[in-house]
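Asks: Using my numbering, the first residue of the sequence shown is number 395, and each one after it goes up by one.
Here you go, one structure.
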Amino acid sequence: MSDPHPARHALDRQDKRTFLQKVAEFIHPGPDSRAELIETLADAEDNDIIGAESRAMLEGVIRMADLTAGDVMVAAPRMDVVNIDAPYDDILHLVIDTAHSRFPVYENERENIIGILLAKDLLKLQRAPQLNIRALLRPAVFVPESKGLNDLLREFRGNRNHLAVVIDEFGRIAGLITIEDVLEQIVGEIEDEFDIEDDEGDIFGLADRTYRVSGDTSIERVNEAFNVQLQPADEDRQFDTVGGLVAHEMGHVPKRGETVTLGGLDFVVLHTKGGAVRWFKVSPATAAKAG
């Protein structure tokens with residue numbers, strides 16, 4: 395005998411909610427807006443349904459829907475780029491000093507991006523010096539400033555690119571964005587090889603007889619290591635870290651590539667994150683600067 399109500403039974407099989415769940419949803423309907431959804435997540439954390447980190451990640455996913463590539467990109471003036479006609483040693487020094495894994499490459503002018511160079515590909519030149527750097531370039535991916543981060547993350551995953559060049563409405567280079575920049579909107583800052591824990595090392599010697607110094611290094615530690623006496627020009631001010639002292643003496647938040655001489659030492663800003671210097675390149679100042 396055929397079932398007189400096949401549609402009803404099909405719905406019963408699809409709906410796995412319990413009676414109590416249905417009643418709860420009827421009394422407390424779901425959020426009607428993004429703001430209410432975020433409030434719901436806060437309530438869930440307060441009730442120990444989810445942890446603080448889970449809540450932060452979920453909020454990041456929700457807020458990311460409103461963000462574009464232009465919101466989180468590294469602006470064009472701050473981009474570390476490679477001149478295709480630069481000598482190999484200059485390119486190698488740029489790679490070592492910045493410690494990025496990927497670099498936009500330009501020809502003639504910075505606006506003319508012709509490809510992406512992977513730092514690891516430079517190793518191929520050690521075994522085959524006759525290779526031309528042009529042969530190592532990967533195709534550059536260009537995205538508009540208005541590109542939504544959700545769509546951009548999907549494209550990064552699909553084409554396995556980790557970097558895109560951002561262009562403005564007139565087709566000019568506006569900046570660059572990496573997959574790390576996008577993911578940090580969800581999970582917060584991603585620590586990399588330049589980031590250290592508070593209780594780990596802070597001063598490292600480099601092959602060119604300069605030093606890499608963490609911005610969190612105490613001034614006392616730097617004074618001891620380099621046999622100097624760093625102190626602010628304003629003796630009434632006190633600073634615990636070399637990053638804080640340098641920022642004060644420069645009068646603004648340091649940017650990558652900026653240089654300042656203090657206490658007989660040259661400080662080059664290598665890496666910044668979250669508005670603070672993570673790493674300096676430090677070397678004794680020349681006689682002219684020191685004097």
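For each residue, glycine too, the CB sits at the ideal point set by N, CA and C.
Looking only at C-alpha atoms, which of L486, T462 and L435 sits nearest to L577?
Replies: Your numbering for residue 577 matches position 183 in the sequence shown. Of the listed residues, the one whose Cα sits closest to L577 is T462.
Asks: My output table needs one value for L525: the three-state DSSP class, helix, strand or coil.
Replies: Your numbering for residue 525 matches position 131 in the sequence shown. Coil at L525, not helix or strand.
Asks: By a C-beta neighbour count over all protein chains shown, 10 Å radius and 16 as the cutoff for buried, is Y736 buried or exposed?
Replies: In the structure as shown, the chain starts at 395 and stops at 685, and residue 736 therefore has no counterpart that could be examined.
Asks: What are the complete beta strand (DSSP E) segments, minimum 3 residues, inside the segment 451-523?
Replies: 496-501 and 503-512
Asks: Beta-carbon separation of M473 and L570 under 9 Å?
Replies: Start at 1 with the first residue of the sequence shown, and residue 473 comes out as number 79. Start at 1 with the first residue of the sequence shown, and residue 570 comes out as number 176. Going by beta carbons, M473 and L570 fall inside the 9 Å limit.
Asks: Mind checking which residues open and close the beta strand (DSSP E) that includes G637?
Replies: Walking along the sequence shown from the start, residue 637 turns up at place 243. Unbroken run through G637 is the alpha helix (DSSP H), V636 to M644; no beta strand (DSSP E).
Asks: Strictly by DSSP, which residues pair up with G542?
Replies: Numbered from its first residue, the sequence shown carries residue 542 at position 148. G542 pairs with T462.
Asks: According to DSSP, is V535 helix, strand or coil?
Replies: Counted from its first residue, the sequence shown places residue 535 at position 141. V535: coil per DSSP, three-state reduction.
Asks: From I456, I444 and A446, pick the residue whose C-alpha is nearest to that of E430; which is it?
Replies: Here residue 430 corresponds to residue number 36 of the sequence shown, with the count starting at 1. It is I456 whose Cα lies nearest to the Cα of E430.
Asks: Does DSSP put T434 in a helix, in a strand, or in coil?
Replies: Here residue 434 is taken as the residue at index 40 of the sequence shown, counted from 1. Three-state DSSP puts T434 in a helix.
Asks: Taking the straight line between their C-alpha atoms, what separation do you get for D660 and R672?
Replies: Walking along the sequence shown from the start, residue 660 turns up at place 266. Walking along the sequence shown from the start, residue 672 turns up at place 278. The alpha-carbon atoms of D660 and R672 are separated by roughly 16 Å.
Asks: Does the beta-carbon distance from R620 to P678 come in below 9 Å?
Replies: Within the sequence shown, the letter at position 226 stands for residue 620. Within the sequence shown, the letter at position 284 stands for residue 678. Per the sequence shown, the amino acid found at residue 620 is Phe instead of Arg. Cβ atoms of F620 and P678: closer than 9 Å.
Asks: Measure the C-alpha to C-alpha separation of K667 and D610 and round it to an integer number of angstroms.
Replies: For the purposes of this step, residue 667 is identified with residue 273 of the sequence shown, where counting begins at 1. For the purposes of this step, residue 610 is identified with residue 216 of the sequence shown, where counting begins at 1. Going by the C-alpha atoms only, they are around 12 Å apart.
Asks: Can you tell me whether F497 is buried or exposed, with buried defined as 16 or more other CB within 10 angstroms of its CB?
Replies: Your numbering for residue 497 matches position 103 in the sequence shown. Within 10 angstroms of the beta-carbon of F497 lie 16 or more other beta-carbons, which makes it buried.
Asks: State the beta-bridge partners of I597 as determined by DSSP.
Replies: Here the question's residue 597 lines up with position 203 in the sequence shown. Beta-bridge pairing links I597 to V607.
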